[in-house]
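In the UniProt record's numbering, the protein residues as written are 1 to 368.
Beta carbons: idealized from backbone N, C-alpha and C, even for Gly.
Note that the structure is a prediction, hence the values are computed from the model and not measured.
Here's the structure, in structure tokens; my notes come after.
Here it is in structure tokens:
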């Protein structure tokens, strides 16, 4: 208590739900208890990330995929036109949007975001366009400006644009056409100058063909576009990000810095990461929170759907056998997805010779 050190978080189950328990000593005989949902950890780490990096420096990584993204993003960031950012959930689309704003001529003006999937239609409309006095029961006496007015001369980021209702799609289209709108319940035209950035994990072209997203709005939003690569295509960036998130997690929970052992690398590189960077953040935070020493090993990683989850100690007779078991499981899992050993070697960022040797070692049929 004298040096301010806090014990590592502990995982508990309450009403059938896994929670992380944080105990901060406040007296010799007492502590402040805080419970966290593991699914919210990524948001807290993202906030830390934003505090320490700006612009494209916030996009960590040096893989070919991320270098291509950065190069294109730096070109489109300076163009004052609508930008559509596409990518799977958890890839960091908002981080890309913030970087584009920070690199644009509007960087000194507000950047305001709205998640179109988080609010019902009526609330989303008033948040985006504001409301006039007396627009509805409980409305503020003088009305309220929406994000469009508050971000005037800056940028509005519309996340999950594919979830926007048809009514709001029509209202947004009108704004994109002439830069004006009316507040909810108002009759006065409001004109502002903002740049619209939008993002989605949905296939908007497919939605257009199905009639669930307006074709004219799609073309107005898709003047410029970026595709954010999934984490599984970013190779060694996975390890760079994992180490970064580990440092951030240890700082967040105020414990000595933990290190990932080399035994974790095949697990991290071999997982498909359906939740992408956000999932990696959560996995690393969870490992840092519950690990009892400063070396995070393969058994401390909890990755759903893989063989990485902690095993019974009695089932492991040696580190060498445990690593061999994991290597074999990983190669058998990825084998069917790659038509050649060279492509499989590239996926795992090792040599063709090493992959061929391991395939023979584990009795897995070789490929050309």
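- Using a Cβ distance threshold of 9 angstroms, residue 93 and residue 159 count as a contacting pair.
- Inter-residue distance for residue 283 and residue 302 is about 6 angstroms (C-alpha atoms, whole angstroms).
- In the DSSP assignment, residue 69 falls within the unbroken alpha helix (DSSP H) covering 64 to 77.
- Taken atom to atom, the span from the alpha-carbon of residue 298 to that of residue 90 is near 23 angstroms.
- The beta carbon of residue 80 lies closer than 8 angstroms to those of 104, 105, 106, 195 in the same chain, with the five residues before and after it left out.
- Inclusion of residue 112 and residue 83 in the CB contact set at 9 angstroms is not warranted, their separation being larger than that value.
- With respect to residue 199, residue 96 sits close: the two C-beta atoms are nearer than 9 angstroms.
- Counting along the chain, no beta strand (DSSP E) covers residue 59, and no H or E run does either.
- In the structure shown, residue 276 adopts helical secondary structure according to DSSP, grouped into three states.
- A direct Cα-to-Cα measurement between residue 72 and residue 341 gives close to 31 angstroms.
- Note on geometry: alpha-carbon atoms of residue 263 and residue 69 lie some 30 angstroms from one another.
- In this structure, residue 143 and residue 154 do not form a Cβ contact; the two beta carbons are roughly 21 angstroms apart against a cut-off of 8 angstroms.
- Here residue 198 carries a strand assignment [DSSP, helix/strand/coil].
- Between residue 232 and residue 272, the gap from beta carbon to beta carbon is short of 9 angstroms.
- Taking a C-beta distance under 9 angstroms as the contact criterion, residue 99 and residue 229 do not qualify as a contact pair.
- Residues 86, 87 of the same chain have their beta carbon placed closer than 7 angstroms to that of residue 227, with the five preceding and five following residues left out of the count.
- Here the alpha carbon of residue 238 sits roughly 26 angstroms from the alpha carbon of residue 203.
- In the DSSP annotation of this structure, residue 122 is not part of any beta strand (DSSP E); the continuous alpha helix (DSSP H) holding it starts and ends at 121 to 129.
- Around the beta-carbon of residue 358, 16 or more other beta-carbon atoms lie within 10 Å, marking it buried.
- About 10 angstroms separates the beta carbons of residue 364 and residue 334, which is beyond the 8 angstroms limit, so they are not a contact pair.
- Here residue 329 carries a helix assignment [DSSP, helix/strand/coil].
- Residue 244 holds the alpha-carbon nearest to the alpha-carbon of residue 59 among 244, 355, 293, 250.
- The Cβ atoms of residue 165 and residue 124 lie closer than 9 angstroms to each other.
- Cβ atoms of residue 269 and residue 348 come within 8 angstroms of each other, at about 6 angstroms.
- In this structure residue 114 is in contact with residue 147, their Cβ atoms being roughly 6 angstroms apart against a cut-off of 8 angstroms.
- For residue 283, the three-state secondary structure derived from DSSP is helix.
- The closest CA to that of residue 63, considering only 288, 235, 289, is found on 235.
- Cβ-Cβ distances below 7 angstroms link residue 279 to 90, 273 in the same chain, with the five nearest sequence neighbours on each side left out; the list follows chain order.
- Contact annotation: residue 289 and residue 251 have beta-carbon atoms that are not nearer than 9 angstroms.
- Across the structure, residue 179 and residue 108 are spaced so that their CA atoms are roughly 21 angstroms apart.
- Counting C-beta atoms within 10 angstroms of its own C-beta, residue 127 has 16 or more neighbours from the protein chains shown and is therefore classed as buried.
- Between residue 362 and residue 324, the CB-CB gap stays under 9 angstroms.
- Counting the other Cβ atoms within 10 Å of the Cβ of residue 287 gives 16 or more, which makes it buried.
- Across the structure, residue 352 and residue 337 are spaced so that their CA atoms are roughly 16 angstroms apart.
- For residue 145, the closest of 182, 218, 225 by C-alpha to C-alpha distance is 182.
- Inclusion of residue 197 and residue 156 in the CB contact set at 9 angstroms is warranted, their separation being smaller than that value.
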